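In the working numbering, the protein residues as written are 2 to 125. Beta carbons: idealized from backbone N, C-alpha and C, even for Gly. Here the structure is a predicted model, which means the values were calculated and not measured. Shown next, in C-alpha cells, is the structure this report addresses.
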Amino acid sequence: MTTMEHVTENLKVAQEAHENSLATEDIAIINKVKKIFNERIKINCTACSYCMPCPVGINIPGCFATYNDYWSFDGSLVAKQRYAIMSKLGTPASKCVECGKCESHCPQSIEIRKELKNVKELFE
Ligand code: SF4
Ligand code: SF4
2 MTTMEHVTEN LKVAQEAHEN SLATEDIAII NKVKKIFNER IKINCTACSY
52 CMPCPVGINI PGCFATYNDY WSFDGSLVAK QRYAIMSKLG TPASKCVECG
102 KCESHCPQSI EIRKELKNVK ELFE
C-alpha cells in the first residue's frame, strides 16, 4: 500500500468480506488460474514502487509489468508497443547505471539490475 486511498480501500474490503464466503468450485478455479499465471510470470514484482524513484528515471515496476505481460500473453505485441512508448516518454532499461539503490528497498529481494538486463535484451 502506497497511499491512504489504498489503506482505506483495503480496510473497506476487510470489513465487508466474510470468512469462507467462496464455494469450493470458486476456490478451485482461482487456484487453477493462479497456477497458470504463476508459471508464466518471470519477475515476482508486486508493483509496490518501494524501489522508486530511480535516479536515472527508469520506471522499474513498469518495465517488469511489461516484461511479465510479454511472457504471460504469448509474446504480446501490445507489451512490445507499451515498452517502446514507455522508453520514448521515459528512460529505457538499458540506461541503468547499476547504482543498486533500488535493490536495497525491494521487499521481494528482486535482483533488479539483473532483471533490467533481461528486459533490455527482450525489448531493445
Ligand atoms: S540500479 Fe539501475 S534501476 Fe536501480 S536505481 Fe540504480 S540506475 Fe535505477
Ligand atoms: S520494490 Fe521490488 S516488488 Fe516493489 S516495485 Fe520495485 S521491483 Fe517491484
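Which residues are close to ligand 1, meaning CB closer than 7 Å to any heavy atom, in chain order? C52, C55, P56, V57, I59, I61, C97, V98, E99, C100, G101, K102, C103, E104, I113, R114 and L117
Determine the direct distance from the alpha carbon of A24 to that of I59, and round the result to whole angstroms. 43 Å
DSSP state of T4 mapped onto helix, strand, coil: coil
Would you kindly work out how many angstroms separate the C-alpha atoms of Q109 and H7, rounded to a whole number? 20 Å
Contact check, F134 vs A80 under 8 Å by CB: the rounded distance? This structure leaves residue 134 out entirely; the chain is present only between 2 and 125.
Same chain only: Cβ atoms within 8 Å of V57, ignoring 5 sequence neighbours per side: T92, K96, C97 and V98
Check whether the Cβ atoms of Y84 and C64 sit closer than 9 Å, and answer yes or no. yes
Under 8 Å: does the beta carbon of H7 sit that close to some heavy atom of ligand 2? no
Tell me which same chain residues have a C-beta within less than 6 Å of the C-beta of K121, skipping the five on either side of it? A94 and S95
Q82 versus T47 - alpha carbon distance: 22 Å
Close Cβ partners of K102 (< 7 Å) along its chain, the five nearest in sequence each way excluded: P56
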